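Worksheet for the structure shown next.
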């Protein structure tokens with residue numbers, strides 16, 4: 005029998021951005037209950053954050069280690085089912101590993117971790133367990149992204165020829181000093197890439213998710229524009245895909261005045277599509293011989309893959325949190341199925357996994373390698 | 005000390021649209037917990053709906069009367085704090101009245117009720133109680149609507165001259181037979197107006213909310229286009245406001261191909277604004293002597309009234325549910341303040357009340373009166 | 005045999021706006037040659053304007069009377085074929101009448117003239133002559149407006165139910181003193197209406213042109229917002245059409261920040277359309293059961309009525325002057341046909357005539373009458 | 005004293021696209037008169053084309069050689085002042101050279117010619133003469149492109165960091181057999197590049213025109229997607245500019261469903277801009293700390309460089325032909341100045357020259373070289 009799934013959070017204390025996003029996304033559909041957390045490495049801050057969230061003080065912990073240990077000791081019908089990891093990149097691996105070792109499912113923010121060794125180890129652990137691991141490449145949670153994926157899969161676009169994916173932001177156009185900026189621009193916490201790790205991986209993930217194609221070669225030019233910065237804040241990449249399609253990926257955090265303008269265009273032999281995250285309820289479908297169509301979330305005869313991820317009628321805009329919540333909802337449905345021993349609707353088995361995370365880490369590595377190389381093409 | 009506020013729901017069983025919206029809106033911010041419900045007048049259906057929501061079966065009731073009686077008998081630290089009424093129009097008054105009589109706060113879907121007598125009685129009861137009553141004219145919950153209101157209040161637009169507010173939908177362009185359509189087109193359940201009650205009141209509320217002006221005269225032409233329909237499915241109204249401004253309001257449910265296209269334009273002596281619900285994170289500001297500006301949710305130097313209703317950074321679109329949740333969040337903050345005896349931040353005291361509901365009922369009455377009259381202007 | 009048609013201009017001297025527009029529109033397609041003009045009531049100014057245009061000084065006249073007399077005296081293969089009248093409203097009738105009396109075709113700017121008496125007389129003269137009279141309601145010259153008209157005629161939209169046509173401008177939001185503003189706000193030169201005559205008539209003409217319907221009743225609220233102004237600078241009108249359709253027309257010259265935002269929406273039982281003059285190469289087609297389509301000038305399988313008025317391939321935007329030129333091109337084709345005794349392609353017989361002008365004058369009269377009346381509906 | 009400038013056309017007979025564009029652009033402003041032409045290498049077709057244009061049959065020639073010889077023999081106050089070359093690429097050099105040798109000014113369609121040798125020779129001839137040579141990179145003729153250029157020059161954007169210029173079209177997504185497609189896809193007539201020569205050069209020219217920067221290194225990946233095609237129909241290029249800015253250029257003629265979607269984004273340290281040819285009257289200006297501004301042709305306080313190239317008031321859209329005409333108008337003003345011995349306003353000295361053509365030919369060469377190379381960067 006179904007029940008709410010119980011979540012413990014790692015990170016996401018007061019002042020954090022993405023922790024609150026995860027909590028709202030988890031709460032939206034009423035399938036998940038936040039029961040405990042280790043919100044900060046500072047125990048007092050963790051305690052205050054737990055109080056803000058009306059948690060039982062006994063289940064607000066000073067570290068993820070304490071949380072996993074103590075929750076494991078709780079009765080099965082009380083203890084958390086999974087942890088949600090919302091810390092900076094370098095602090096994903098530790099709690100993910102310990103959770104998996106102790107039989108807890110995992111939701112982890114992207115990118116998966118700090119380097120490839122960690123990534124491959126986590127992937128192996130998941131494969132060898134019966135546990136469910138979701139990575140929050142949230143942009144694939146939008147209903148019209150799922151529509152786009154199904155359209156490509158179904159051949160509605162014909163053979164894919166060209167993919168242009170871009171992710172300009174402007175918030176790091178100058179030296180920024182705040183919690184969000186600090187760790188993202190610090191190689192010790194972020195890893196070998198800045199902009200490309202933070203948002204370039206979203207672009208890569210989106211392009212491969214929608215098209216079902218794999219990048220096989222790339223040629224990258226990463227840049228640091230803001231003086232004193234140690235990691236790339238901008239990058240341009242030529243792409244070649246496994247079916248012969250060609251493309252471009254660019255990401256920037258110095259594209260001044262841009263908010264969060266992830267956008268993708270895919271052109272096939274029959275039709276093309278265009279989708280932009282800032283107006284996510286619109287999917288343009290372009291044809292060679294007839295007028296462009298404007299697909300809208302919830303309007304008309306969309307694929308079931310899309311409508312299964314839509315909550316409200318057409319014209320009532322769903323946004324970022326709803327897309328994010330689709331990952332949590334699907335993850336919860338899969339955990340519930342495991343708990344109840346029931347089958348899960350295949351429509352809900354659609355969320356990014358640890359393997360998407362491994363591919364993202366590879367992308368980071370290859371882009372950095374290419375940018376440092378005089379060779380034109382680097383195999384991916 | 006703060007705690008989660010406990011909600012009991014009236015209506016919103018399986019297959020309902022707006023009930024699920026209210027639940028998601030209430031859940032989003034983690035300030036409210038659904039603890040009980042009378043989801044349907046059919047007890048079995050209510051029971052099944054409660055199970056879907058993982059509620060304690062003992063607190064899933066067969067009627068709102070049973071719910072209010074039994075909850076009142078529960079210990080104070082267990083029983084619900086408020087009821088959320090999500091039934092068709094003709095079933096708002098009963099549970100609202102009984103809740104108020106029994107000391108429960110109320111959230112009620114719009115329009116307030118079935119006719120003016122009910123409306124005035126409810127308003128009087130709220131005024132004479134210490135209870136909080138929120139009406140879900142949800143479109144005023146958007147951050148940029150609040151920005152617009154503050155801009156007008158602050159004189160940024162100068163004196164208001166012209167207001168154009170419109171709300172075209174197309175879903176009733178033909179005879180529709182489903183749960184949503186049935187009661188909305190039935191005078192016994194909807195009241196004396198169809199389209200004007202259902203969505204015209206949203207337009208009226210939005211115009212008065214943003215401008216702070218009151219309609220004082222109107223001239224209406226209501227229409228029934230679909231054969232056999234008993235209530236208006238379209239209407240056009242000329243408006244005159246208390247400061248001398250003039251305007252137009254139109255609403256339609258036969259504007260084929262339109263989704264939910266609520267849009268408002270306000271022109272003053274200094275500047276004008278334009279906002280559309282389907283792209284709610286954009287507010288156009290038009291000037292006479294310099295380029296139009298595109299205000300975006302969370303970008304730049306917005307008024308505190310706006311940013312206090314924004315959850316996530318710029319470029320991460322917030323939508324209908326987030327705006328709806330702003331009503332619940334503000335309502336919850338006010339109830340919490342009453343519970344804890346603390347002051348509530350004035351920014352949170354901003355949600356539609358029973359008096360907005362009374363005004364909406366008046367608007368319905370006046371529009372219908374005008375449409376049936378040969379006199380050009382009807383005082384409002 | 006075909007030849008270029010010879011134009012003489014009345015008005016349009018240095019500093020005028022619309023005169024230059026007419027000259028560019030006439031020149032664009034190489035079917036018309038400017039051969040003479042009476043560009044100003046000031047002979048010296050007329051002379052200088054003629055020199056600017058490289059005209060033979062002998063054919064630059066001090067008055068339209070002189071022009072018509074002297075041109076009539078020239079050999080048939082030299083003298084002008086038609087006059088183009090680009091003066092303020094009160095100076096249309098004189099030259100139009102004299103041209104018709106002397107066998108010259110006429111192109112006249114809108115509105116047709118100063119009052120109904122003049123209008124009806126001109127209409128009668130045209131009917132009794134063999135002469136061609138074009139009125140430059142230029143917005144009907146756009147290719148996608150012609151597409152829209154044909155779609156309605158062809159039943160693509162089903163029965164028309166609702167029409168919303170609007171024309172907001174902001175340039176008269178304050179007291180403006182220049183050549184353009186002066187005569188438009190002066191009852192002695194403009195007639196009984198300001199905004200409604202200047203741009204409201206364009207909106208009326210566009211609505212009737214596209215839908216093929218006639219307004220039969222209206223209810224108007226005209227306003228003067230700028231202190232000291234003598235004629236309406238804003239107005240809102242409820243409309244009823246001869247097939248039972250209902251609608252709204254509004255026009256404003258105090259909608260601050262608006263440029264020239266003529267826009268129309270038409271909803272039928274099958275589909276709806278939306279077109280806006282500021283992005284004239286896009287026509288939105290809205291459906292009840294499938295995605296909106298974006299028709300674009302020159303793309304796909306448009307009606308011949310549209311493509312015959314398109315000069316360049318898709319994606320090469322055509323604008324205001326090209327639409328204006330479509331009137332001149334079609335007019336020229338009809339004059340050429342008369343000159344050569346050949347048939348004219350029916351596609352070219354599409355331009356506004358003196359009868360459109362009479363209807364526009366009626367609209368002005370009825371709107372003003374309604375605004376001054378306590379009766380709700382005025383028959384039109 | 006000023007007079008109309010006399011044009012002779014090479015190419016542009018019946019069925020041609022760009023010839024008609026040149027004629028309309030030349031006619032629009034009344035500064036240029038078409039007096040003669042060699043419209044086709046087929047003398048009968050040339051004759052018929054001349055008759056369509058109402059030309060004196062004696063001045064309709066069977067070849068450009070005949071035209072140049074015979075026109076030169078005419079009296080100075082009759083003969084053409086310049087030739088306009090609107091033939092395919094491989095037929096630019098011949099007439100351009102002969103015109104320059106015989107003292108005629110030249111307007112030439114782009115790209116300049118067939119290969120670098122021709123290009124350099126023409127450049128040298130122009131430099132050594134007193135003749136004026138305009139190349140119709142028409143997209144720089146738009147008023148808001150000129151605004152953008154001046155904004156960069158004036159430092160409004162700060163230091164330029166990133167440039168993204170793209171030019172997707174879809175019309176060659178399949179094998180197309182018509183006059184336009186035939187020569188463009190034929191290496192014997194088009195040169196060593198297809199898409200990159202035809203439209204990539206426009207993108208390159210636009211980027212360098214707006215920014216005032218020069219591409220110094222590039223890395224290209226050209227593609228042929230349509231089977232059997234001999235020249236690139238798509239290409240992606242990484243760019244590095246002389247000030248350290250980085251960028252992307254892509255062009256495609258297989259981006260199915262795209263019309264003519266030239267678009268550029270430029271990001272500096274202070275602000276960014278975005279302009280798209282299909283909606284050319286809008287220029288977005290993006291800021292880091294305040295709302296985006298929407299600059300519109302003719303609205304507000306634009307630079308003189310922009311307003312000097314605008315004909316009609318704000319909100320009356322100007323398009324492709326008007327931008328094209330700005331080249332002809334400016335060219336005509338410069339020729340008139342030479343004829344009359346007067347000074348020419350520096351604002352009119354702004355049009356693409358033979359040197360822009362040389363740079364375009366270099367771009368074609370470098371892009372092809374890079375695409376065939378294993379080296380990452382090719383110096384430009």
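Residue numbers (my numbering), protein chains in the order written: chain A, 5 to 384; chain B, 5 to 384; chain C, 5 to 384; chain D, 5 to 384. Positions of the beta carbon are idealized from the N, C-alpha and C atoms, including for glycine. Keep in mind the model is a prediction, meaning the values are calculated, not measured.
Original post:
Along chain B, which residues have their Cβ under 9 Å away from the Cβ of residue 258 of chain C?
Top reply: On the third chain, residue 258 of chain C is found 254 positions in, with the first residue counted as 1. Residues of chain B passing the Cβ test: 165, 166, 271 and 273.
Original post:
Along the chain, where does the beta strand (DSSP E) that runs through residue 286 of chain A open and close?
Top reply: Translated into positions along the first chain, residue 286 of chain A becomes position 282. Per DSSP, residue 286 of chain A belongs to the beta strand (DSSP E) from 286-291.
Subject >> is_contact[residue 80 of chain B, chain C] using C-beta, thresh 8 Å >> reply: As a first step, residue 80 of chain B is located in the second chain; it is residue number 76 there, counting from the start. Not an interface residue.
Original post:
Opposite residue 259 of chain C in the DSSP bridges: which residues?
Top reply: Here residue 259 of chain C refers to the residue found at position 255 when the third chain is read from its first residue. DSSP output for residue 259 of chain C lists no bridge partner at all.
Subject >> Proximity below 8 Å, CB of residue 259 of chain A to CB of residue 166 of chain D >> reply: Numbered from its first residue, the first chain carries residue 259 of chain A at position 255. Numbered from its first residue, the fourth chain carries residue 166 of chain D at position 162. Contact annotation: residue 259 of chain A and residue 166 of chain D have beta-carbon atoms nearer than 8 Å.
Original post:
From residue 43 of chain B to residue 78 of chain B, what distance separates their C-alpha atoms?
Top reply: For the purposes of this step, residue 43 of chain B is taken as residue 39 along the second chain, with counting starting at 1. For the purposes of this step, residue 78 of chain B is taken as residue 74 along the second chain, with counting starting at 1. Residue 43 of chain B and residue 78 of chain B: Cα-Cα distance of roughly 19 Å.
**OP:** Give every residue of the same chain whose Cβ lies closer than 6 Å to the Cβ of residue 3 of chain B, excluding the five residues on either side of it in the sequence, and list them in chain order.
**Re:** The displayed coordinates of chain B run from 5 to 384. Any statement about residue 3 of chain B would go beyond what the structure contains.
Original post:
residue 165 of chain D by DSSP, collapsed to three states: which one?
Top reply: Working through the fourth chain from its first residue, we reach residue 165 of chain D at position 161. Residue 165 of chain D carries a strand assignment under DSSP once its states are collapsed to helix, strand and coil.
Original post:
Between the C-alpha atoms of residue 177 of chain B and residue 226 of chain C, what's the straight-line distance to the nearest angstrom?
Top reply: Residue numbering aside, residue 177 of chain B sits at position 173 when the second chain is read from its first letter. Residue numbering aside, residue 226 of chain C sits at position 222 when the third chain is read from its first letter. Approximately 32 Å between the Cα atoms of the pair.
**OP:** Assess, as a yes-or-no matter, whether the region 195-205 of chain C is touched by the region 360-376 of chain C under the definition of 3 or more beta carbon pairs within less than 8 Å.
**Re:** Contact between the region 360-376 of chain C and the region 195-205 of chain C is present, because at least three Cβ pairs lie under 8 Å.
Original post:
Between which two residues does the beta strand (DSSP E) carrying residue 27 of chain B extend?
Top reply: Numbered from 1 along the second chain, position 23 holds the residue referred to as residue 27 of chain B. For residue 27 of chain B, there is no enclosing beta strand (DSSP E); the residue is found in the alpha helix (DSSP H) stretching over 22-31.
**OP:** Measuring alpha carbon to alpha carbon, tell me which of C/347, C/383 and C/322 ends up nearest residue 143 of chain C.
**Re:** In the third chain, the residue the question calls residue 143 of chain C occupies position 139. Of the listed residues, the one whose Cα sits closest to residue 143 of chain C is C/322.
Original post:
What does a CB cutoff of less than 6 Å around residue 146 of chain D pick up in its chain, not counting 5 residues either side in sequence?
Top reply: Working through the fourth chain from its first residue, we reach residue 146 of chain D at position 142. Contacts found: 284 and 327.
Original post:
residue 81 of chain B to residue 118 of chain A, Cα distance in whole Å?
Top reply: The residue labelled residue 81 of chain B in the question sits at position 77 within the second chain. The residue labelled residue 118 of chain A in the question sits at position 114 within the first chain. Pairing residue 81 of chain B with residue 118 of chain A, the inter-Cα distance amounts to about 46 Å.
**OP:** Can you tell me which of A/264, A/292, A/54 and A/102 puts its alpha carbon nearest to the alpha carbon of residue 320 of chain B?
**Re:** Against the second chain, residue 320 of chain B aligns to sequence position 316. Checking every option, the nearest Cα to that of residue 320 of chain B belongs to A/264.
**OP:** Measure the CB-CB distance between residue 109 of chain B and residue 206 of chain B and report whether it falls below 8 Å.
**Re:** Residue 109 of chain B sits at position 105 when you count from the first residue of the second chain. Residue 206 of chain B sits at position 202 when you count from the first residue of the second chain. For the pair residue 109 of chain B and residue 206 of chain B, the CB atoms are not nearer than the 8 Å cut-off.
Original post:
Closest to residue 313 of chain B by CA distance: which of B/294, B/333 and B/297 is it?
Top reply: For the purposes of this step, residue 313 of chain B is taken as residue 309 along the second chain, with counting starting at 1. Out of B/294, B/333 and B/297, B/333 has the C-alpha closest to the C-alpha of residue 313 of chain B.
Subject >> Distance, residue 55 of chain A Cα to residue 2 of chain B Cα >> reply: Because chain B is modelled from 5 through 384, residue 2 of chain B falls outside the range shown and cannot be assessed.
Subject >> Proximal chain D residues relative to residue 1 of chain B, where beta-carbon distance stays under 7 Å >> reply: In the structure displayed, chain B extends from 5 to 384; residue 1 of chain B sits before or after that span and is not available.
**OP:** To the nearest angstrom, report how far apart residue 188 of chain C and residue 92 of chain C are at their CA atoms.
**Re:** Sequence index remark: in the third chain, residue 188 of chain C carries index 184 (1-based). Sequence index remark: in the third chain, residue 92 of chain C carries index 88 (1-based). Distance between the alpha carbons of residue 188 of chain C and residue 92 of chain C: 8 Å.
**OP:** Find the residues of chain C that neighbour residue 28 of chain D, judging by a C-beta separation of less than 8 Å, and give them in chain order.
**Re:** Counted from its first residue, the fourth chain places residue 28 of chain D at position 24. Residues of chain C whose Cβ lies closer than 8 Å to the Cβ of residue 28 of chain D are, in chain order, 32, 33, 34 and 315.
**OP:** With DSSP collapsed to three states, give me the class of residue 57 of chain C.
**Re:** Reading the third chain from its first residue, position 53 is the one you call residue 57 of chain C. If DSSP states are grouped into helix, strand and coil, residue 57 of chain C belongs with coil.
Original post:
When burial is assigned at 16 or more other CB atoms within 10 Å of the CB, is residue 248 of chain B buried or exposed?
Top reply: Position 244 of the second chain holds residue 248 of chain B. Answer is exposed; the Cβ neighbour count stays below 16.
Original post:
What is the DSSP secondary structure of residue 188 of chain B, counted as helix, strand or coil?
Top reply: By 1-based counting over the second chain, the position of residue 188 of chain B is 184. In the three-state reduction of the DSSP assignment, residue 188 of chain B falls in the helix class, which pools H, G and I.
Subject >> Option in A/191, A/272 and A/38 with minimal Cα separation from residue 63 of chain A >> reply: One-based indexing of the first chain puts residue 63 of chain A at position 59. Checked all of A/191, A/272 and A/38; the closest Cα to residue 63 of chain A is A/38.
Original post:
Can you tell me whether DSSP reads residue 359 of chain D as helix, strand or coil?
Top reply: As a first step, residue 359 of chain D is located in the fourth chain; it is residue number 355 there, counting from the start. Of the three classes helix, strand and coil, the one that applies to residue 359 of chain D here is helix, per DSSP.
Original post:
Is there contact here, the region 300-317 of chain B with the region 284-302 of chain D, by at least three beta-carbon pairs under 8 Å?
Top reply: Counting Cβ pairs under 8 Å, three or more are found: they touch.
Subject >> Cross-chain neighbours of residue 299 of chain B in chain D, by beta carbon under 7 Å >> reply: Translated into the one-based positions of the second chain, residue 299 of chain B becomes position 295. Chain-ordered, the chain D residues with CB closer than 7 Å to the CB of residue 299 of chain B read 295.
**OP:** Show which residues of chain C have a CB atom less than 8 Å away from the CB atom of residue 242 of chain B.
**Re:** Position 238 of the second chain, counted from the start, is the residue given in the question as residue 242 of chain B. For a Cβ distance threshold of 8 Å, residue set 223, 225, 240 and 242 of chain C lies close to residue 242 of chain B, ordered along the chain.
Subject >> Delimiting residues of the beta strand (DSSP E) encompassing residue 117 of chain B >> reply: Your numbering for residue 117 of chain B matches position 113 in the second chain. Run containing residue 117 of chain B: none; DSSP gives neither H nor E here.
Original post:
Run through DSSP, which three-state label would residue 71 of chain B get?
Top reply: As a first step, residue 71 of chain B is located in the second chain; it is residue number 67 there, counting from the start. Helix at residue 71 of chain B.
Subject >> Span separating the alpha-carbon of residue 342 of chain D from that of residue 357 of chain D >> reply: To locate residue 342 of chain D, count along the fourth chain from 1; it is residue 338. To locate residue 357 of chain D, count along the fourth chain from 1; it is residue 353. When rounded, the distance between both Cα atoms is 17 Å.
**OP:** For the beta strand (DSSP E) containing residue 296 of chain C, list its first residue and its last residue.
**Re:** Sequence index remark: in the third chain, residue 296 of chain C carries index 292 (1-based). From DSSP, the beta strand (DSSP E) with residue 296 of chain C extends over 296-300.
**OP:** Kindly provide the ranges of any beta strand (DSSP E) runs that are 3 or more residues long and lie completely inside the region 195-273 of chain D, ordered along the chain.
**Re:** Scanning the region 195-273 of chain D from its first residue to its last, the whole beta strand (DSSP E) runs of 3-plus residues come out as 219-227, 238-245, 250-256 and 267-272.
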